[in-house]
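Quick note, the sequences are listed as chains U and H, same order.
Heads up, the first sequence is in my numbering, so the first residue is 6 and it goes up one at a time.
Heads up, the second sequence is in my numbering, so the first residue is 6 and it goes up one at a time.
Idealized CB from N, CA, C, for every residue including glycine.
Remember, predicted model here, so these are calculated numbers, not experimental data.
Okay, so here's the structure we're looking at.
Protein chains: 2
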Amino acid sequence: MSEERTEIGSLGEFGLIDFLTRDIDTKNVSTLLGIGDDAAIVETFGKQTVVSTDMLVEGVHFDLMYMPLKHLGYKAVVVNLSDIYAMNATPTAITVSIAISNRFSVEALDEIYAGIKLACERYQVDIIGGDTTSSLKGLILSITALGEVDERKFVTRSGAQPNDLLCVTGNLGAAYMGLLLLEREKKVFLENQQVTPSFDNQTYVLQRFMKPEAQRRAIEWMQEHQLMPTSMIDISDGLSSEILHLCKQSETGCVLYEEKIPIHDETTENARKFNIAPTTAALNGGEDYELLFTISPTDFEKIKEEEWLSVIGYMTSPEEGKKLITQGDKRIDITAQGWNHYTL
Amino acid sequence: MSEERTEIGSLGEFGLIDFLTRDIDTKNVSTLLGIGDDAAIVETFGKQTVVSTDMLVEGVHFDLMYMPLKHLGYKAVVVNLSDIYAMNATPTAITVSIAISNRFSVEALDEIYAGIKLACERYQVDIIGGDTTSSLKGLILSITALGEVDERKFVTRSGAQPNDLLCVTGNLGAAYMGLLLLEREKKVFLENQQVTPSFDNQTYVLQRFMKPEAQRRAIEWMQEHQLMPTSMIDISDGLSSEILHLCKQSETGCVLYEEKIPIHDETTENARKFNIAPTTAALNGGEDYELLFTISPTDFEKIKEEEWLSVIGYMTSPEEGKKLITQGDKRIDITAQGWNHYTL
């Protein structure tokens, strides 16, 4: 963050908006009218519009003691784009609403926007509107993402059939280990401010938490390879919770193999140091923003060579329940123990 | 509000969402997929999608001492729909994000949703998604509205030409008088809790503040009468501020006649009691949610018989400035003194 401090009140509402949006231009030809009017206009002839929204609250979803403002802005966008990709759609635009207390300066707000703009640049998404207001306490970010999808090509959570293969992109549990590390260092720092945190061999898990990415390439790959999942969801609350969503909305059961869950070496190493089973981090941690999806068994040929895709189980009839087969070959019920912000 | 109190944490995140959205169905054939997946899907073939967003923060935009939760929910929707109408578009759907502290119960949240649903019912808008989370302090509502408009029929703030007539729907300043009354009664109540507020002959101004409406009929009327404004904006921050927006974005000046500004009798009466010029309430008060627009002088015939429409001035070349002609025939500069939430 810059050393300067401009009070937010000094610019006035419209001055502030002009400042924050000074270098925003639109990338998608479908964005006919962006920031600066009562609303934005998006062209969507022959496509279907996909809409998703997420709100991030300081002290609930993020801690500014270890989350730099630019990373926060980036992550807030990515979290929303992840939902759009999870519909098999392409994000095109976002609106950004921010409430901030006067504890923050214009420079701080500009840092958040820098992260937002960077994510929009990377994912080729337009910022088409928003609202910036004061809050009595803390920082609240609310982003709504729009996307588009060819007619009837969207993928919901409810289309899985028994025998469909359960697949996941990338690897799981890393972001949760990143969070645990940051929480531990915060505690150490609060006790002794002379200690500098050491994050050797932890850059991967930290990055997964601090600067997650949405699965744009996975969706593009599926479209190129004409792979149409039967159901899909993004992993924000942990694998268990998301599997249960697919089963509930598709009215199926499932079998999940513990040994098939993809976990990065650095996640495993750090989990051991924290005395946590790596599988627990994958099942109950969250914020991986990988995609969990099901495909027809006849599509297995299309994916079997892809190292970044793992088949972790299969769907069953609902009577068979939602089961995890452990590495010790035990058959146990999958229960949701993901992030629950209401436990505050 | 009901006397029961269910703690929000007791339902869990998904239980809470199921409860709040239990009776939401979709009204617009264009809503292919609503609540319950990663995102919603909207069909918009042959139309253009209009998007607007607004965030309301407790203690900044509303005071729960005099704003019932149901009214708050209603108003939060209307404020957003007003922006969609101001583009000459028809709202079709909203997403609703709410952050609440654990000071609120499930019943309180349900009251807010009751107001949201009532507004959606009245304006035939679908609730297609949202996010509900905890806040560390207070209540924050963030709503994004989607609408549709026939190809290239949207109206921006930037199309006004010199000599265009400046028009406004309904009447102005009433909501601001309603706010002043409520603020006064709150002060009285805080000093002496035995006093019951008396709001005789003030129901109109109170309603304008507590339960504003968006200008659906005005837009429908314009479409029926093939009246296409050259520019348009909704009045949320006061007439002065909105006129300056039109002039700035259209690169024009304007002449506004004080005597032509439509003001309700009850607004005038109450303004006098507060020792405020009624014109000041209209110019600098806010939250009227009327539409301010310009039309070509050749369209005057279409509107001249409409009592709910007032011609309050005309646009000029930019060199002529932005002028108010007072009832005493003085020519003064229009300056923005509307609501400014950054003065906190």
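Reference U/L146; option with closest CA among H/L69, H/S140, H/Y90 = H/S140
Comparing the C-beta of H/L349 with each C-beta of chain U, is any distance below 9 Å?
-> Unreliable positioning characterises H/L349 in this predicted model, as indicated by a pLDDT of 27, which lies under 50. The coordinate reading is nonetheless provided below. Interface residue, yes.
So, using beta-carbon positions, are H/S241 and H/L251 closer together than 9 Å?
-> no
Name the chain H residues that come within less than 7 Å of U/G64, Cβ to Cβ?
-> L141
Using only alpha-carbon positions, find the residue among H/L86, H/I300, H/T284, H/K307 that is nearest to H/I330.
-> H/T284
Taking the Cβ atom as the reference point for each residue, do U/T100 and H/V56 lie within a distance shorter than 9 Å?
-> One thing to note: U/T100 has its Cβ within 9 Å of the Cβ of H/V56.
Would you say H/G134 faces chain U, with C-beta separation under 9 Å as the test?
-> Chain U contact via Cβ: present.
Helix or strand or just coil, what does DSSP make of U/P217?
-> coil
For H/K328: DSSP bridge partner residues = The bridge partners DSSP lists for H/K328 are H/V260, H/D338.
Top-ranked residue by Cα proximity to U/V130, from U/T149, U/W226, U/A98, U/Q198 | U/A98
CB H/A223 to CB H/V160, shorter than 9 Å?
-> no
Any beta-carbon of chain H closer than 9 Å to the one on U/R359?
-> Nothing about residue 359 of chain U can be reported from this structure: the residues present for chain U run from 6 to 349 only.
Ends of the beta strand (DSSP E) at U/G134?
-> 131-139
Do the CB positions of H/E9 and H/K75 come within less than 9 Å of each other?
-> Going by C-beta atoms, H/E9 is not nearer than 9 Å to H/K75.
Determine the direct distance from the alpha carbon of U/S255 to that of U/S87, and round the result to whole angstroms.
-> 21 Å
Please report the Cβ distance between H/E153 and H/Q53, rounded to the nearest whole angstrom; I am assuming they are in contact, meaning their Cβ atoms lie under 8 Å.
-> Beta-carbon to beta-carbon, H/E153 and H/Q53 are separated by about 7 Å, close enough to satisfy the 8 Å threshold.
On the DSSP bridge assignment, give the partners of H/A150 in chain order.
-> H/S57, H/I99
Simplified DSSP assignment, three categories, for U/D239 | strand
H/M60: buried (16+ other C-beta within 10 angstroms of its C-beta) or exposed?
-> buried
What in chain U is Cβ-close to H/L104, meaning under 8 Å?
-> Here residue 104 of chain H turns out to be Ala, not Leu, going by the sequence shown. In chain order: M60, V62, V65, I145.
In terms of residue numbering, what span does the beta strand (DSSP E) encompassing U/M320 cover?
-> Here the beta strand (DSSP E) through U/M320 covers 314-321.
Rounded to the nearest angstrom, how far is the Cβ of U/D4 from that of H/D239, given a contact under 8 Å?
-> In the structure displayed, chain U extends from 6 to 349; residue 4 of chain U sits before or after that span and is not available.
Short Cβ contact (9 Å threshold) for U/G164 with U/T299 = Yes, they are a contact pair.
Could you say which of U/K80, U/L69, U/I248 lies nearest to U/T257 if we only look at CA atoms?
-> U/I248
Among H/H66, H/V173, H/T58, which has the Cα closest to the Cα of U/S102?
-> H/T58
Buried or exposed: which applies to H/N275, given that a residue is buried once 16 or more other Cβ atoms fall within 10 Å of its Cβ?
-> buried
U/D270, buried or exposed, once every other Cβ within 10 Å from all chains shown has been counted against 16 = With a 10 Å radius around the Cβ and a threshold of 16 neighbouring Cβ atoms, U/D270 comes out exposed.
Taking Cβ-Cβ distances below 8 Å as the criterion, which residues of the region 88-100 of chain U are in contact with chain H?
-> D88, I89, A91, M92, A94, A98, T100: these are the residues of the region 88-100 of chain U whose beta carbon lies less than 8 Å from some beta carbon of chain H, given in chain order.
Segment limits, alpha helix (DSSP H) that includes H/F109 = Counting along the chain, H/F109 falls outside any alpha helix (DSSP H), and DSSP gives it neither H nor E.
Taking the beta strand (DSSP E) that U/L74 falls in, what are its first and last residues?
-> It is not in any beta strand (DSSP E) - U/L74 instead sits in the alpha helix (DSSP H) that spans 74-90.
Answer with buried or exposed for H/F305, where buried requires no fewer than 16 other C-beta atoms within 10 angstroms of its C-beta.
-> In the assembly as shown, H/F305 is an exposed residue. Its beta-carbon has fewer than 16 other beta-carbons within 10 Å.
Looking only at C-alpha atoms, which of U/Q166, U/T26, U/Y79 sits nearest to U/Q212?
-> Selected option, being the one with the closest Cα: U/Y79.
For H/A341, which residues from the same chain have a beta carbon less than 6 Å from its beta carbon, with the 5 sequence-adjacent residues on both sides left out?
-> S245, S246, L249
Among H/P167, H/Q199, H/V210, H/N206, which one has its Cα closest to the Cα of H/L184?
-> H/V210
Integer Cβ distance of U/C172 from U/L314, believed to fall under 8 Å | 6 Å
8 Å contact criterion, which H/L296 and H/Q220 should meet: CB distance rounded | Contact between H/L296 and H/Q220 holds: CB atoms are separated by about 5 Å, below the 8 Å threshold.
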